[in-house]
Amino acid sequence: MHTSQKPIGFWSAVAMGIGAMVGAGIFALLGEASAISGSAVYLSFVAGGIIALFSGYSLGKLGARYPSSGGLIEYLSQAYGSGLFTGGMGIVLYLTAIVSLSLIAKAFGNYAITFIPAADSPLWHHLFSIGIILLFVLINLGGAKDVAIWERITVAVKFLVLVVLSVAGIWVLKPQLLSPSHYPPVNAIFFSLAITFFAYEGFRVITNVAEDMPDPGKTLPRAMLAAILLVMLLYVAIAFAVFGNLPVARVIAAKDFALAEAALPIFGSIGFYVIAVTALIATASAINANLYAVTNVTYQLAKDGELPSLFGRPIAHSREGLIVSGVLIVIALLLFDLSEIAAVGSVSILFVHLITHLGHLKLIAETGASRVMVLMAALFSLLAITLSFFYMAHHLSHTITIFCGFLAVAVVTELVLRKFSDKKICSRVTD
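Residues 663 to 1093 (the numbering used here) are what the sequence shown spells out, left to right.
Okay, here's the thing in structure tokens:
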């Protein structure tokens, strides 16, 4: 196990979790979620937070028992062994992370070009989106300490701005806008989990810094639950502030700029630009935290022989997997329209979580976790997946194909890697 000489403590871990969660999810997708659940979107955030809390409990207990930079990959290996199944799940997790980072980078580009009146060309959007990825690849090459320092600074800024917006918005809200008479059918509220859970999925990055914690058995579970609780409270407060000041139609029309739009009636044009700048900070912070986690995941996969060895080779204070991931993110930015990928990302993460929680039940004697709590984590994940599939089948049917494609690519990639690995072993034996 890797031992860091620059350890990450409780608040640094909490900051990384918040930094990974409060990014594109709340800034870029609030309008999309409101198109499904309207002014009742806060209920969807509560439901998503509850699912995340149960998952956080299960993953926190696993991380306390098996501290590893690989996070979920290590837990899957402990439960199912380092075989085809675990390798396939690891690649699904990796692909989901790459796509999520691409979406976050695109959200950064969307906000950045609003400050340049003449930036009508897609070239400007690509320039900002690719530039922010390259910047944080360089920062992550500095190691865990540099990542933690940046997270403490950016999380403090965006958390403070969003808290001020929430408090001010709630103070002047119009109760009639939040009346239950405006709510859509109950099933629509829960169908929006296909979007809103994406706003929480970043909490898993805390598991990837377990090796850099002086006392992961104590620090990891506490940091995990604290980060999720703080973010859930923030999301609910933001939802009240936004929908208590703007009609649903105006929020939907604003799309990616719903939070900035909500600041207009409260603070005027200055508020709009303050929130827009905060969005840039938030998306940048999410990229930073998720890049660090992805690098640790690819290192663990390479160590287990489930990715090429170059992913685990040292470079500066990081691994070459960081460079490869950066390249793949840039390629995704240039090739794909990621407007519906949030749903695919949510379902993919929930699927890996479900498999992990089921595996945890096999390890319950070693982790000392509550069997009921872990079982609830699995059941809630399954319920969220089912609701998401129902929604996607009726409104985003092609995203189901994309998700199945993720699984197929993961299985084929793992089979090819294992066949290649077996040939190398046979070659060495023959020689």
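Built from N, CA and C at the ideal position, the CB exists for glycine as well.
- Item | Where the alpha helix (DSSP H) containing M1038 begins and where it ends | First-last of the alpha helix (DSSP H) with M1038: 1033-1057.
- Message: With a threshold of 8 Å on Cβ separation, who are the neighbours of I991 within its own chain once the five nearest residues in sequence on each side are excluded?
- Response: If we look at I991 and ignore the five residues flanking it on each side, its Cβ neighbours are I760, L763, S764, A767, I795.
- Task: Helix, strand or coil for I1062, going by three-state DSSP, please let me know.
- Result: In the structure shown, I1062 adopts helical secondary structure according to DSSP, grouped into three states.
- Put E1002 into one of helix, strand or coil per three-state DSSP. Correct three-state label for E1002: coil.
- Item | Inter-residue CB distance, V703 and A709 (contact presumed, cutoff 8 Å) | About 10 Å separates the two Cβ atoms, so there is no contact after all.
- Query: Is the beta carbon of L839 sitting closer than 8 Å to the one on G743?
  - Reply: Not closer than 8 Å, so no.
- Message: Between the alpha carbons of G732 and I832, how many angstroms are there, rounded?
- Response: Going from the Cα of G732 to the Cα of I832 covers about 41 Å.
- Would you mind listing the beta strand (DSSP E) stretches within the stretch 901-968 that are 3+ residues and don't spill past its ends, in chain order? Counting only runs that start and end inside the stretch 901-968, there is no beta strand (DSSP E) element of at least 3 residues.
- Query: When we look at the beta-carbon of K1081 and count the other beta-carbons within 10 Å, is it buried (16 or more) or exposed?
  - Reply: The residue is exposed, with fewer than 16 neighbouring Cβ atoms inside 10 Å.
- Task: Classify S1008 as helix, strand or coil using the three-state DSSP reduction.
- Result: Under the three-state reduction of DSSP output, S1008 falls in the helix class.
- Task: Compare the Cα-Cα distances from I712 to each of L1023, V893, F689, A911 and report the closest residue.
- Result: For I712, the closest C-alpha among the options L1023, V893, F689, A911 is that of V893.
- Given a cut-off of 8 Å, decide if I928 and A1005 are closer than it, judged by their beta-carbon atoms. Between A1005 and I928, the C-beta spacing is not below 8 Å.
- For Y862, which three-state DSSP category applies? Y862 falls in the coil class under three-state DSSP.
- With DSSP as the reference, label S1122 as helix, strand or coil. No answer is possible for residue 1122: the residues shown for the chain start at 663 and end at 1093.
- Per the contact definition of three or more C-beta pairs closer than 8 Å, is the stretch 853-873 in contact with the stretch 1064-1072? Contact annotation: the stretch 1064-1072 does not touch the stretch 853-873, with fewer than three C-beta pairs closer than 8 Å.
- Query: Starting from S1095 and walking both ways along the alpha helix (DSSP H), at which residues does that stretch end?
  - Reply: The chain is shown only over 663 to 1093; residue 1095 falls outside these bounds and no answer can be derived.
- Item | Beta-carbon proximity list for D1093, same chain, < 8 Å, skipping 5 on both sides | Residue placement at D1093 cannot be trusted, given a pLDDT of 46 that sits under 50; the coordinates are not used to answer.
- In chain order, what residues of the same chain have a beta carbon less than 7 Å from the beta carbon of V1036, not counting five sequence neighbours either side? So the qualifying residues of the chain are S720, H1019, H1022, L1023, I1026.
- Is it true that the stretch 1048-1063 meets the stretch 745-759, where meeting means three or more beta-carbon pairs spaced less than 8 Å apart? With the cut-off at 8 Å, the stretch 1048-1063 and the stretch 745-759 do not touch.
- Is the number of C-beta pairs between the stretch 907-923 and the stretch 734-741 that are closer than 8 Å three or more? Flag = no, the stretch 907-923 and the stretch 734-741 do not touch.
- Roughly how many angstroms lie between the CA atoms of K723 and A1070, to the nearest whole one? In a straight line, the C-alpha of K723 is about 30 Å away from that of A1070.
- Check each candidate in P847, H788, T1075, V959 and name the one with the smallest Cα separation from F998. When only C-alpha atoms are compared, the closest one is H788.
- Assign L785 to buried or exposed, taking buried as 16 or more other Cβ atoms, counted over all protein chains shown, within 10 Å of its Cβ. Burial check for L785: the Cβ neighbour count within 10 Å stays below 16, so the residue is exposed.
- Message: Can you tell me whether V684 is helix, strand or coil according to DSSP?
- Response: Here V684 sits in coil by DSSP.
- Item | Helix, strand or coil at S674 [DSSP, three-state] | It is helical.
- Query: From T816 to E1076, what does the alpha carbon distance come to, in whole angstroms?
  - Reply: The alpha-carbon atoms of T816 and E1076 are separated by roughly 37 Å.
- Task: Could you tell me whether the stretch 1005-1015 touches the stretch 863-870, where touching means 3 or more Cβ pairs closer than 8 Å?
- Result: With a cut-off of 8 Å, the stretch 863-870 and the stretch 1005-1015 count as touching, because enough Cβ pairs lie within range.
- Task: Following the continuous alpha helix (DSSP H) through T1029, name the residue where it begins and the one where it ends.
- Result: T1029 -> alpha helix (DSSP H) spans 1026-1029.
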